[in-house]
Amino acid sequence: MPEKEGTKTMSDNHRLSIIHLDLDAFFASVEQRDNPAYRGKPLIVGGISGGEGNSNRGVVCAASYEARKYGVHAGMPIWEARQKCRKGIFIPSQMSKYLEASKKFF
4 MPEKEGTKTM
14 SDNHRLSIIH
24 LDLDAFFASV
34 EQRDNPAYRG
44 KPLIVGGISG
54 GEGNSNRGVV
64 CAASYEARKY
74 GVHAGMPIWE
84 ARQKCRKGIF
94 IPSQMSKYLE
104 ASKKFF
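Structure representation (structure tokens):
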């Protein structure tokens with residue numbers, strides 16, 4: 004389809020760039036940023052039922068780098084993460100907090 008006179012394509016004046024941001028352990032990093040007591044400790048953020056750290060139900064949404072040393076990773080059942088990382092700090096996810104933090108990247 005012919006272009007109308009005066010129209011421009013992306014290549015006329017702009018160069019298309021694509022960037023991929025892998026915000027690895029993002030939820031855990033946000034929690035460690037907001038709570039200094041979590042820094043340097045194995046932190047597991049997940050869909051934990053029954054309040055902070057009180058249940059084995061749910062899955063890991065994010066694991067801090069300290070927790071990953073014990074083999075904990077996203078998608079792992081909470082009960083398994085508890086077995087692998089007995090000294091881990093388990094907290095429920097706070098999606099609204101992560102959404103707000105992620106807006107700073109865009």
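Residue 109 is where the sequence shown ends in our numbering, and the numbering goes up by one at each step. The beta carbon of each residue, even a glycine, is placed where N, CA and C say it ideally should be.
query: Just the Cα atoms here: how many angstroms apart are P45 and H17?; result: 45 Å
query: Compare the Cα-Cα distances from N38 to each of I92, L26 and S105 and report the closest residue.; result: I92
query: One question on the structure: do A66 and I47 come within less than 8 Å of each other, judged by their Cβ atoms?; result: yes
query: Helix, strand or coil for V75? Go by DSSP, reduced to three states.; result: coil
query: Determine the burial state of E103: buried for a count of at least 16 other Cβ atoms within 10 Å of its Cβ, exposed for fewer.; result: exposed
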